[in-house]
Structure formats: structure tokens, C-alpha cells
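One structure is given here, and the rest of the page talks about it.
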Amino acid sequence: MPNIWPTPLSFPPDSKPGRYSGRGEVTPAQISKVYFEGLSAPTKEFLLLPRTGHDPNPPMLDAQLKVLTRIRASALANDTH
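The end of the sequence shown is residue 81 by the UniProt record's numbering, with every number in the run present.
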């Protein structure tokens, strides 16, 4: 898998790195997409859920439930066992 960070991160031994995030992003989509492309699976889909971030909130939970319900229905329909 290629290095997904544009530049190496390094900090002096006596410093503590800060923690930042913006616009409600847990991980920027560009980095997540590179990781996703490196995964191998029979089927896969990259989804960006709007209005999501670190803390669970009703819109995020609703969006996740819709996606998981759709995936479950598809998996059950394609189950050959």
C-alpha cells in the first residue's frame, strides 16, 4: 500500500503533537479513499455520510442504519447457503 500521508510526520522528542480535525471529518475522505482502494473484497462501496463526525448524532445514526439495512438485505438475498 502506498504512503497515504503527503509528508512524513515527525515531532521533536520534547513536544506533544496536537490533534486537529475540521468540518466534522474524522478522517479526511481523500485519505480514507486511498485506504479503501487498497482493500480487496468481493463487493465494496465507498460512501460518504453527510453530517457525521466524532460524536454519534441522530442524522449520522440514521444514515448508518440505512446503509447497513441495505447491505444486510443484499447479503441475505445473495446468500447461497
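Beta carbons: idealized from backbone N, C-alpha and C, even for Gly.
Between Thr27 and chain B, is there a C-beta pair that is closer than 8 Å?
Among the protein chains of the structure shown there is no chain B, as only one such chain exists.
I need the straight-line Cα distance from Ala29 to Asp79, nearest angstrom please.
For Ala29 and Asp79, the distance between alpha carbons rounds to 31 Å.
Where does Phe46 fall in DSSP's three states?
DSSP places Phe46 in coil when its eight states are reduced to three.
Is the beta carbon of Leu48 sitting closer than 8 Å to the one on Val67?
The Cβ-Cβ distance between Leu48 and Val67 does not fall below 8 Å.
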